[in-house]
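Reviewing the structure listed below.
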Amino acid sequence: MRDSSRFGKYALIHYKGGVLGQEPFEDHTEDEPRKIQIGMDQVPRGIDEALFEMAPGETRTVVLTPEKAYGEHDPDGVQIRMRDEVPDGRELEVGSVLAWRNPITHVMLPTKVVEATRDYVKLDFNHPLAGETLEYTIEMLAIVDE
């Protein structure tokens, strides 16, 4: 059951996960506990929902559909840019990921090179895990105020 009194508190967790059916690409089960502020969008929605429900000492495996992870792949997120607009544009290879600075927010975004010619580059601005179903195993160690 969702415990709304946890909103804004911190969950101390260990976790591992990745794309459903593949080897986990994140494993923080042996590290210092991760401190996640519950309900503050620090993790995908499906993980946040589990943190509202889990008891300290509980381990749970959650499957996150794209809607509860990083969203569906948006075709409008794939855009063509002139090669001279791209930092280090001469060294780009299809499949490589570059850091693209959003011109409005100035936030750095991981951006995948989909196609590259002499004159232009087709870039995918979607999150690298957009459209993927993810699986995470979470161990709730404690809920703390700070």
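First residue of the sequence shown? That's 112 in the working numbering, and the numbers climb one at a time after it.
The beta-carbon is built from N, C-alpha and C at its ideal position, and this holds for glycine as well.
Using 10 angstroms around the beta-carbon of Asn-237, count the other beta-carbons present and answer buried if the total reaches 16, otherwise exposed.
buried
One or two residues paired with Asp-138 in a DSSP bridge:
Lys-127
Give me, in chain order, the residues of the same chain whose beta-carbon lies closer than 6 Å to that of Ala-241; leave out the 5 immediate sequence neighbours on both sides.
Contacts found: Tyr-181, Gly-182, His-184.
Which residues mark the beginning and the end of the alpha helix (DSSP H) in which Glu-202 is found?
Counting along the chain, Glu-202 falls outside any alpha helix (DSSP H), and DSSP gives it neither H nor E.
Three-way DSSP call (helix, strand, coil) for Glu-250 in this model
strand
If you scan the stretch 204–238 from start to end, which runs of the alpha helix (DSSP H) of 4 or more residues do you find wholly inside it?
The alpha helix (DSSP H) runs lying completely inside the stretch 204–238 and spanning 4 residues or more number zero.
Would you check if the distance between the CB atom of Ala-122 and the CB atom of Ala-253 is smaller than 9 Å?
yes
Would you say Gln-153 and Gly-119 are within 9 Å of each other, going by their C-beta atoms?
no
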